[in-house]
Structures are given as C-alpha cells and as structure tokens.
Amino acid sequence: MASEQSDCAASSEANDLSSLLEDGKNAKHLKCERCGSTILRKGDAVHVKKEIFLPHMKKKSENQAPDDGETLTDFWLVKDMFTFENVGFSNTVENKKFLICADCEVGPIGCQDLADAINLYVALSRVKHE
Ligand SMILES: [Zn+2]
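Each step along the sequence shown adds one to the number in my numbering, with nothing skipped, and position 47 is 48.
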C-alpha cells in the first residue's frame with residue numbers, strides 16, 4: 002500500500018523562517034525572484050500565519066485557469082501600501098486584488114483582501130530575501 006507523505010517538510014521550513022525573522026519582522030529586504038527589484042525594505046513587514054489561496058506564478062503573457070494555484074500559510078503583512086518600495090496590482094478575483102512585481106510584472110506575489118483593504122500580504126515563498 003502506498004502512503005501519502007504530507008508533513009515531512011515542516012521542520013526544515015521552521016529553520017528557514019527563523020533566519021528571516023527579527024522581532025517578528027522581516028530581517029532582510031524582500032526582492033522579486035525574477036528581476037531582483039526591491040519590494041519591501043527590511044523591518045517593514047510583520048510575519049503572519051494565514052491561509053490564503055494564490056494562483057501559481059506566471060508571466061504576464063501566459064493564461065491560466067483561476068483555480069490553478071495553491072494555499073500558502075506564511076506571509077509578510079503590511080498595513081499600508083505606501084510602505085512598499087515597489088509593487089503593482091493585477092486583476093481582482095473574488096474580492097482579492099493580487100500583488101505583482103512593479104518592474105517585470107511577475108506574480109501574484111501576494112494579495113490585498115478587499116474585505117479588509119488595509120491589510121496587504123506578501124507570500125514568503127514567492128519573494129527573495131536578501
Ligand atoms: Zn520583478
């Protein structure tokens with residue numbers, strides 16, 4: 002009988018996270034994985050655990066089904082969009098506005114929940130930490 006392996010990566014993720022955090026905030030600058038553009042400066046975002054569904058990353062020109070994505074649980078929370086060095090917005094789907102890189106437009110790297118529009122979320126797994 003084959004068994005499902007669903008929780009084997011949990012401990013290494015926790016180790017990764019501690020090197021990115023300083024007093025609950027981002028210890029490093031957040032940059033675009035693709036073009037290296039700075040998205041947020043160090044210390045400007047707070048780490049939160051929250052389940053948010055995001056479509057898979059894509060290039061601007063590619064089409065995809067809106068339900069083709071993943072639920073992520075680690076995010077940087079920013080309370081004011083003017084805190085960002087650099088960020089763009091793409092389409093709105095089901096009350097979520099997606100964040101993209103302002104320079105190369107890769108994304109979504111996170112989202113704004115329009116039901117609670119003060120909160121902007123950037124997925125840890127979708128940006129570079131430098
Ligand atoms: Zn970029």
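Every residue gets a Cβ at the ideal spot worked out from N, C-alpha and C, and that includes glycine.
From a predicted model like this one, the values you see are computed outputs, not experimental measurements.
- The alpha-carbon separation between ASP81 and ASN87 amounts to approximately 13 Å.
- With the criterion CB distance below 6 Å from any heavy atom of ligand 1, the matching residues run CYS33, ARG35, CYS36, SER38, CYS102, ASP104, CYS105, VAL107 along the chain.
- Burial check for CYS33: the Cβ neighbour count within 10 Å reaches 16 or more, so the residue is buried.
- Excluding its 5 nearest sequence neighbours in each direction, ALA103 has C-beta neighbours in its own chain below 6 Å: ASN87, VAL88, GLY89, listed in chain order.
- Under DSSP, GLU71 forms a beta bridge with LEU55.
- Less than 8 Å divides the Cβ of ALA116 from the Cβ of ASN96.
- Inclusion of ILE53 and VAL123 in the CB contact set at 8 Å is not warranted, their separation being larger than that value.
- In the DSSP assignment, ASP114 falls within the beta strand (DSSP E) that extends over 111-114.
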